[in-house]
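Residue numbers (this note's numbering), protein chains in the order written: chain A, 3 to 127; chain B, 3 to 127.
Yeah, the Cβ is synthetic: ideal placement off N, Cα and C, and Gly gets one too.
The structure appears right after this line, and notes come after that.
Number of protein chains: 2
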Amino acid sequence: MTLLDIAEVAEKSGLAPSALRFYEKRGLVEPAGRNGLRRTYHPDVLRRLDLVACARGAGFTIAEIARFLVATPSDDALRARMAVKATELDDAIARLTRMRDSLRHAATCDHVPLVECPDFKAAIA
Amino acid sequence: MTLLDIAEVAEKSGLAPSALRFYEKRGLVEPAGRNGLRRTYHPDVLRRLDLVACARGAGFTIAEIARFLVATPSDDALRARMAVKATELDDAIARLTRMRDSLRHAATCDHVPLVECPDFKAAIA
DNA sequence: GTCCGACTTGAACTACGCTTCAAGTCAAGC
DNA sequence: GCTTGACTTGAAGCGTAGTTCAAGTCGGAC
Chain A
3 MTLLDIAEVA EKSGLAPSAL RFYEKRGLVE PAGRNGLRRT YHPDVLRRLD LVACARGAGF
63 TIAEIARFLV ATPSDDALRA RMAVKATELD DAIARLTRMR DSLRHAATCD HVPLVECPDF
123 KAAIA
Chain B
3 MTLLDIAEVA EKSGLAPSAL RFYEKRGLVE PAGRNGLRRT YHPDVLRRLD LVACARGAGF
63 TIAEIARFLV ATPSDDALRA RMAVKATELD DAIARLTRMR DSLRHAATCD HVPLVECPDF
123 KAAIA
């Protein structure tokens, strides 16, 4: 099997080597082994890193993701956290949608200053 | 006119007094005046703070919001930033929606560990 | 006119998510 | 066998968004 070194993982994942070491310290990834001192990674680490990037984008903290990654279906506390998070995401999606619509409107309206546009304010209130 | 003191603004806005002073330093709000050393605020500041809270929720930084608040319709650079931000929000909304659906699924599936569930991975990939 | 408590200030501290740095190790090419 | 350069480590630093703290200042009730 062809293992990757940290520079390859960094390049393919778009993360800095320092970020990979940081993630390792926090338990998000684990090298397959070492070549001397140097970390070697299984290619699967890239899928793991995609998952991490996705979760980060959805607003999870590093610590939350670390807990996720070791979770089993019997972890009811985790399921509960997930359900809470899903509901939070519902709210976040609604907020972002309103803000996006406000921005699209603001890009064409003529109020001075923009933030005093009644339509803009109505959209975000 | 009935001006508010910082404690009243803090209570009505849900922000800490320290946050109000911080926002002032960054140009997001301005007291109407002073009563001795003490800040007095026009009630309108509350609408301003709602706007700030909303923008923060949509992912704008304090510095970005500060630029927004002084912008006029002739500020084409600002309009451009808004358009970019709207597109970013489209992406964010899509990501969050997928993540939310993944979480809802994860709350009921039986894979060990959860992150290895093919449905889960398919949803977030 | 004195005291209390809420305000004032700047500076230092916090948490998060990394990056940067100094000092050291090691495999490989010459 | 020596140099090079990519890696290693832990510690310190950074940007964002504030909070906390110490020391000081007042407005207002008594």
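Report task. List the residues that DSSP assigns as beta-bridge partners of Asp7 (chain A). Result -> Asp7 (chain A) is bridged to A:Thr42.
**Report entry** Which listed residue (A:Gly35, A:Leu48, A:His44 and A:Phe70) has its alpha carbon closest to that of Met84 (chain A)
**Finding:** Checked all of A:Gly35, A:Leu48, A:His44 and A:Phe70; the closest Cα to Met84 (chain A) is A:Phe70.
Query - chain B contact for Gly29 (chain A) (CB, 8 Å cutoff) - result: Contact with chain B is absent for Gly29 (chain A), since none of that chain's Cβ atoms lies less than 8 Å from the residue's Cβ.
Query raised in the report: Name the chain B residues that come within less than 9 Å of Gly16 (chain A), Cβ to Cβ?
Result: None at all; the shortest Cβ gap to chain B is about 16 Å.
Query raised in the report: Tell me the DSSP bridge mates of Arg36 (chain A)?
Result: For Arg36 (chain A), which the question treats as bridged, DSSP gives the partners A:Arg41.
Query raised in the report: Are the CB atoms of Ala60 (chain A) and Leu98 (chain B) nearer to each other than 8 Å?
Result: Going by beta carbons, Ala60 (chain A) and Leu98 (chain B) fall inside the 8 Å limit.
Query - For Val54 (chain A), three-class secondary structure by DSSP - result: Three-state result, Val54 (chain A): helix.
Query raised in the report: Three or more beta-carbon pairs under 8 Å between the segment 41-59 of chain A and the segment 17-33 of chain A, yes or no?
Result: Per the Cβ contact rule, the segment 41-59 of chain A is in contact with the segment 17-33 of chain A (3 or more Cβ pairs under 8 Å).
Query raised in the report: Considering only residues of the same chain and omitting the five flanking positions on each side of Thr4 (chain B), which have a CB-CB separation below 8 Å?
Result: For Thr4 (chain B), the CB contacts under 8 Å within the same chain, skipping 5 residues up- and downstream, are Pro45 in chain order.
Report task. Establish whether the CB of Ile95 (chain B) and some CB of chain A are separated by less than 8 Å. Result -> By this cut-off, Ile95 (chain B) is an interface position.
Query raised in the report: Could one say the Cβ of Thr63 (chain A) lies closer than 8 Å to chain B's Cβ atoms, at least one of them?
Result: Not an interface residue.
Query raised in the report: Which residues, in chain order, does the segment 36-60 of chain A contribute to contact with chain B at a C-beta distance below 9 Å?
Result: Result list: Arg49, Arg50, Asp52, Leu53, Cys56, Ala57, Gly59 and Ala60.
**Report entry** Contact check, Leu49 (chain B) vs Val31 (chain B), beta carbons under 8 Å
**Finding:** What sits at residue 49 (chain B) in the sequence shown is Arg, not Leu. Contact: no.
Query raised in the report: What is the C-beta distance between Cys119 (chain A) and Ala109 (chain A), in whole angstroms, given that I count them as a contact (C-beta under 8 Å)?
Result: Wrong, their Cβ atoms sit about 11 Å apart, outside the cutoff.
Report task. State the start and end residues of the unbroken alpha helix (DSSP H) segment that holds Thr99 (chain B). Result -> Thr99 (chain B) -> alpha helix (DSSP H) spans Asp78 to Ala108.
Query raised in the report: By the criterion of Cβ-Cβ separation under 8 Å, what are the contact partners of Ala68 (chain B) in chain A?
Result: What Ala68 (chain B) touches in chain A, judged by beta-carbon distance under 8 Å, is nothing: the nearest beta carbon there is about 11 Å away.
Query raised in the report: What are the start and end residues of the alpha helix (DSSP H) that includes Phe24 (chain B)?
Result: Residues Pro19 to Lys27.
Query raised in the report: Taking the continuous alpha helix (DSSP H) assigned at Ala60 (chain A), which residues delimit it?
Result: That residue, Ala60 (chain A), is in no alpha helix (DSSP H); it is neither H nor E in DSSP.
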